[in-house]
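*Asks:*
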Amino acid sequence: MAKSARPIEDLHPDAPVVDFANVSIGFEGKHVLKDISFRVERGQTMIILGPAGCGKSVLMKLANGLLSPDSGTIKIFGQEISAMDERQMFGLREHIGMVFQESALFDSLSVEDNVAYRLHEEHMPEDEAHTKVVEALKFVELAAAIAKFPSELSGGMRRRVSIARAIITAPDLILYDSPTGGLDPITSTTIVELIVKQRDVSHTTSLLITHRIQDAFTLATHQFNKATGHMEPIPNGGIDDSTRFLILNEGSIVFRGSTQELVRSEDPWIREYLA
Amino acid sequence: MPFLNIESFAKKQVAGVQDYSLLAGRAVANLFTAPRYWSEIWSQMDSIGVGSMPIVILTGFFTGCVLALQSATALKEFGAVNKTGGLVALSMVKELGPVLTGLMVSGRNASGMASELGSMKVTEQIDAMRALGTDPIRKLVAPRLFATVFMLFFLTIISDAVGIAGGALVSTTLIGLPWSSYIADSYDKLLYGDVVAGMTKPLFSGFIIATVGCYFGLKTTGGTQGVGKATTEAVVVSSVFIIVVDFLVTRLMIGIFGS
Numbered sequence: 001m002a003k004s005a006r007p008i009e010d011l012h013p014d015a016p017v018v019d020f021a022n023v024s025i026g027f028e029g030k031h032v033l034k035d036i037s038f039r040v041e042r043g044q045t046m047i048i049l050g051p052a053g054c055g056k057s058v059l060m061k062l063a064n065g066l067l068s069p070d071s072g073t074i075k076i077f078g079q080e081i082s083a084m085d086e087r088q089m090f091g092l093r094e095h096i097g098m099v100f101q102e103s104a105l106f107d108s109l110s111v112e113d114n115v116a117y118r119l120h121e122e123h124m125p126e127d128e129a130h131t132k133v134v135e136a137l138k139f140v141e142l143a144a145a146i147a148k149f150p151s152e153l154s155g156g157m158r159r160r161v162s163i164a165r166a167i168i169t170a171p172d173l174i175l176y177d178s179p180t181g182g183l184d185p186i187t188s189t190t191i192v193e194l195i196v197k198q199r200d201v202s203h204t205t206s207l208l209i210t211h212r213i214q215d216a217f218t219l220a221t222h223q224f225n226k227a228t229g230h231m232e233p234i235p236n237g238g239i240d241d242s243t244r245f246l247i248l249n250e251g252s253i254v255f256r257g258s259t260q261e262l263v264r265s266e267d268p269w270i271r272e273y274l275a
Numbered sequence: 276m277p278f279l280n281i282e283s284f285a286k287k288q289v290a291g292v293q294d295y296s297l298l299a300g301r302a303v304a305n306l307f308t309a310p311r312y313w314s315e316i317w318s319q320m321d322s323i324g325v326g327s328m329p330i331v332i333l334t335g336f337f338t339g340c341v342l343a344l345q346s347a348t349a350l351k352e353f354g355a356v357n358k359t360g361g362l363v364a365l366s367m368v369k370e371l372g373p374v375l376t377g378l379m380v381s382g383r384n385a386s387g388m389a390s391e392l393g394s395m396k397v398t399e400q401i402d403a404m405r406a407l408g409t410d411p412i413r414k415l416v417a418p419r420l421f422a423t424v425f426m427l428f429f430l431t432i433i434s435d436a437v438g439i440a441g442g443a444l445v446s447t448t449l450i451g452l453p454w455s456s457y458i459a460d461s462y463d464k465l466l467y468g469d470v471v472a473g474m475t476k477p478l479f480s481g482f483i484i485a486t487v488g489c490y491f492g493l494k495t496t497g498g499t500q501g502v503g504k505a506t507t508e509a510v511v512v513s514s515v516f517i518i519v520v521d522f523l524v525t526r527l528m529i530g531i532f533g534s
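Each protein sequence line maps, in turn, to chains A and B.
Counting in the working numbering, the first sequence runs from 1 upward without gaps.
Counting in the working numbering, the second sequence runs from 276 upward without gaps.
Set out below in structure tokens:
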């Protein structure tokens, strides 16, 4: 995949990729997120869990500057985005890929034009853009659907096109907003396999929202085997070191830590939630 | 539905006016800076301009016909049937052509813009566009604004022309007025100031249709029900604005040209 032109990590090489400090936001007088603080280091996958309506998607939009916090600071690649205007954010977003909850593909554009959207905006020559689109669609195993329109695709296919659109410029940070939401278990596993593949092949830092705990543990306990081209369990019951968990409830963080810390948690609410 | 207190209601209205002004200002500013989405502009000109021609022609033509019929009946009492041409031409060019065209295009396109952008908003396509580094105002609003203002100007000219032609048809076939008399009176009565006044109005109406339609589309919330609400609000607000601004522009033009 094409690498973004400017190496953003060179600007603040030691800074965490995502850094939320005391972030709060509310809508129409109701608090949605309260005093949220966490960090995601380079190469980590932060899985965000929590019941519906606890503010997970809002947190994801804050991380991409699509919403501004009422208080607190958000730093992405060491740059404070809560102080940036929309024009400055466009430059930073070149390094961020986002997969939306309902795919958010452009209805009027074909799969090829959807995936190549960012390349077309950068005025990349058509031949070069087409090659990159084919490469991205092969990654998500959907090369045959290149000429189709979103309305002709199933929910799982739309999600895969959305992933191809997010990774085509090889971003330094990928935000997955419920990529398996509303999908059947088999299709969900296909999507999780793609996320594991992206994580283990490109080692991209990512934030991932899910309400399916089994998907979260699959991510933590599986790896991508380049030889077989498939996801497989990490040998000897191993756990992926780069995976971290963040659990939200009623707009506040109730857990933040590694997979081992999560499964050993004695917190009654967490134990009930995981059960 | 809970009652809003006066303070909340006032704050909401003021915030709405502020958001609308910011959107309109940014859309205008984007027309003067790169990048410009020319393919989007051509596509909108085709959709708004060419697509609206049938309704504009039909409305203009039959308005001219009715105007001639009604005017001739009234003028007959004063023995001034030969003044029908001038009355139809003045009414069409100064008032009915611009206002009716604005209202028809508003009904067709302000609703279209609100529903299209509203659907994009509720399906997160607007957020996706921002996440992919594109300014939705530059990509979606500015082309619609330019296309509506540009095409409405020419649609109004077409409406005026077919309205006068419709009046001529009724005058010659039903009223028995000579063709030359109708045309000569129309030409004599129409002054430079009348044409300028009539041609100024679509510039304001086009601005209102595009900005109001896009504003309600981009502030849509609440799924498909919200899209329906945004569409209705866009048509109602833009239609009322067109009539109010028509009054203000008419007063201004009378101040400038004196008639």
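Every residue, glycine too, gets a C-beta built ideally from N, C-alpha and C.
Just so you know, these numbers come straight off a predicted model, no measurement behind them.
1. Is there a Cβ from chain A that is less than 9 angstroms from the Cβ of Glu-370(B)?
2. How long is the line joining the alpha carbons of Gln-44(A) and Val-416(B), rounded to whole angstroms?
3. By the 10 Å Cβ neighbour count, where 16 or more other Cβ atoms means buried, how is Tyr-457(B) classified, buried or exposed?
4. Inspect the beta-carbon positions of Ile-330(B) and Met-367(B) and report whether they are closer than 9 angstroms.
5. Closer than 8 angstroms by beta-carbon distance: list the chain A residues that pair up with Asp-294(B), in chain order.
6. Compare the C-beta of Met-388(B) against all C-beta atoms of chain A and say whether one is closer than 9 angstroms.
7. May I ask which residues mark the beginning and end of the beta strand (DSSP E) holding Ser-55(A)?
8. Short of 8 angstroms Cβ to Cβ, which residues in the segment 408-431 of chain B face chain A?
9. Verify whether the separation of the beta carbon atoms of Gly-438(B) and Leu-342(B) is less than 9 angstroms.
10. Sorted by chain position, which residues of the same chain lie with C-beta nearer than 6 angstroms to Gly-335(B)'s C-beta, five sequence neighbours on each side aside?
11. Nearest-angstrom Cα distance between Asn-22(A) and Phe-491(B)?
12. When we look at the beta-carbon of Lys-3(A) and count the other beta-carbons within 10 Å, is it buried (16 or more) or exposed?
13. Which parts of the segment 446-495 of chain B are runs of the alpha helix (DSSP H), unbroken and 4 residues or longer, counting only runs that do not cross its ends?
14. In the structure shown, what three-state DSSP assignment does His-276(A) receive?
15. Answer with buried or exposed for Leu-62(A), where buried requires no fewer than 16 other C-beta atoms within 10 angstroms of its C-beta.
16. Where does the unbroken alpha helix (DSSP H) through His-120(A) begin, and where does it stop?
17. Are the C-beta atoms of Glu-282(B) and some chain A residue less than 9 angstroms apart?
18. Please confirm if the segment 300-315 of chain B is in contact with the segment 412-428 of chain B, defined as three or more CB-CB distances below 8 angstroms between the two stretches.
19. Along the chain, which unbroken stretches of the alpha helix (DSSP H) at least 4 residues long are found entirely within the segment 92-117 of chain A?
20. By the DSSP assignment, the beta strand (DSSP E) with Pro-233(A) in it spans what residues?
21. Nearest to Ser-327(B) by CA position, among Leu-375(B), Phe-307(B), Lys-287(B), is which residue?
22. Looking at the C-beta of Leu-311(B), does it have a partner C-beta in chain A at a distance below 9 angstroms?
23. Cβ of Ala-2(A) less than 9 angstroms from any chain B Cβ?
24. Just to confirm before moving on: does the CB-CB distance between Leu-362(B) and Lys-476(B) stay below 9 angstroms?
25. Is it a yes or a no for the segment 205-223 of chain A touching the segment 233-248 of chain A, going by three-plus beta-carbon pairs under 8 angstroms?
26. Measure the C-alpha to C-alpha separation of Ser-24(A) and Gly-251(A) and round it to an integer number of angstroms.
27. Looking at C-alpha atoms only, which residue of Val-99(A), Asp-85(A), Gly-55(A) is the closest neighbour of Val-192(A)?
28. Using only the alpha-carbon positions, how far apart do Gln-214(A) and Glu-261(A) sit?
29. Closer than 7 angstroms by beta-carbon distance: list the chain A residues that pair up with Gln-400(B), in chain order.
30. What does a CB cutoff of less than 6 angstroms around Lys-369(B) pick up in its chain, not counting 5 residues either side in sequence?
31. Taking Cβ-Cβ distances shorter than 7 angstroms, what residues in chain A pair up with Ala-290(B)?
32. Rank Thr-190(A), Glu-94(A), Gly-72(A), Ile-48(A) by C-alpha distance to the C-alpha of Asn-64(A) and give the top, closest one.
33. Looking at the C-beta of Phe-100(A), does it have a partner C-beta in chain B at a distance below 9 angstroms?
*Replies:* Looking at the atomic coordinates:
1. no
2. 39 angstroms
3. buried
4. no
5. Under the 8 angstroms cutoff, chain A gives no residues; its nearest Cβ is about 14 angstroms from Asp-294(B).
6. no
7. Checking the displayed sequence, the identity of residue 55(A) turns out to be Gly instead of Ser. Note, Gly-55(A): premise wrong, no beta strand (DSSP E); not H, not E.
8. Gly-408, Thr-409, Asp-410
9. yes
10. Ser-434, Val-437, Gly-438
11. 34 angstroms
12. Per-residue confidence for Lys-3(A) stands at a pLDDT of 49, beneath the threshold of 50, marking its modelled position as unreliable; no derived number is given.
13. 454-464, 467-493
14. The question about residue 276(A) has no answer here: the residues shown for chain A are numbered 1 through 275.
15. buried
16. 117-121
17. no
18. yes
19. 111-115
20. 230-233
21. Leu-375(B)
22. One point to set straight first is that residue 311(B) is Arg, not Leu, in the sequence displayed. Judged by the 9 angstroms Cβ criterion, Arg-311(B) is not in contact with chain A.
23. Any reading at Ala-2(A) needs caution, since the residue's pLDDT is 48, under 50, leaving its predicted position unreliable; the model's value is listed next. No - not a single Cβ of chain B is within 9 angstroms of the one on Ala-2(A).
24. no
25. yes
26. 9 angstroms
27. Val-99(A)
28. 17 angstroms
29. Ala-104, Phe-106
30. Asp-469, Ala-472, Gly-473
31. Within 7 angstroms Cβ-Cβ: nothing; Ala-290(B) doesn't reach chain A, min ~12 angstroms.
32. Glu-94(A)
33. yes
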